[in-house]
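Visitor: Numbering (this note's numbering), first residue to last: 57 to 229.
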């Protein structure tokens, strides 16, 4: 439901600004609906607009901030303020924190349920400040943090296992 609502907002902005043709917009709308994806991601994926442009035009129209995540180096501890499963479900990733503010890149910064869930999860410590971002970039950043962490855990486990196996083999020599 939230995705459809945001897609409709994007549709209105793109019609108003005429940054892509009506044919391109219709093609992207159909693709977004078929694939159950966010319209702004589909427009970038189809090459109709650059990521900066699609984020910038919407952020300006909606008076929001936006972030191009692929240009950002994120702190793993900040990212982990929101549990991975929750972050993936609501398509959001914390990007910065101060003493009492948590900046969160979101595919849908209008998703009040997601914002409320983040606030409840981080209460009373943080006030949530949403930033618009591409869903694909959010997923890449989550993968970057959590896949790296899993790889390190696996490597550490393998080191432990190898060490034990070598000791066991040495016992029989």
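Note that beta-carbon positions come from the ideal geometry of N, C-alpha and C, so glycine has one too.
For residue 142 versus residue 173, is the C-beta distance shorter than 8 Å?
Guide: The answer is yes: Cβ separation under 8 Å.
Visitor: For the region 137–156 against the region 71–79, do three or more pairs of beta-carbon atoms, one drawn from each stretch, fall closer than 8 Å, so that the two count as touching?
Guide: Flag = no, the region 137–156 and the region 71–79 do not touch.
Visitor: Roughly how many whole angstroms lie between the Cα atoms of residue 70 and residue 63?
Guide: Between residue 70 and residue 63, the C-alpha separation is close to 10 Å.
Visitor: Distance, Cα to Cα, residue 135 vs residue 82?
Guide: The straight-line gap from Cα to Cα measures roughly 35 Å.
Visitor: Assuming residue 188 contacts residue 111 under a Cβ cut-off of 8 Å, what Cβ separation, rounded to an integer in Å, is found between them?
Guide: About 6 Å separates the two Cβ atoms, so the contact holds.
Visitor: Quick check: what's the CA-CA separation for residue 65 versus residue 210?
Guide: Looking at the two C-alpha atoms, the distance is approximately 43 Å.
Visitor: Can you tell which of 106, 139, 152, 166 has the C-alpha that lies nearest to the C-alpha of residue 119?
Guide: When only C-alpha atoms are compared, the closest one is 166.
Visitor: Would you call the CB atoms of residue 168 and residue 96 closer than 8 Å?
Guide: Not a contact, by the Cβ cut-off of 8 Å.
Visitor: Using the beta-carbon count (16 or more within 10 Å), is residue 125 buried or exposed?
Guide: With 16 or more Cβ atoms within 10 Å of its Cβ, residue 125 is classed as buried.
Visitor: Quick check: the Cα distance between residue 181 and residue 153, rounded to an integer number of angstroms?
Guide: The alpha-carbon atoms of residue 181 and residue 153 are separated by roughly 10 Å.
Visitor: Take residue 132 as the anchor and find which of 61, 198, 59 has the nearest alpha-carbon.
Guide: That would be 198, whose Cα lies nearest to the Cα of residue 132.
Visitor: The alpha helix (DSSP H) spanning residue 100 covers which residue range?
Guide: Residues 95–101.
Visitor: I need the straight-line Cα distance from residue 108 to residue 138, nearest angstrom please.
Guide: Cα to Cα, residue 108 sits roughly 26 Å from residue 138.
Visitor: What are the residues that DSSP puts in a beta bridge with residue 114?
Guide: Paired residues: none, contrary to the question.
Visitor: Look up residue 135 in the DSSP assignment and say whether it is helix, strand or coil.
Guide: Reduced to three states, the DSSP call for residue 135 is helix.
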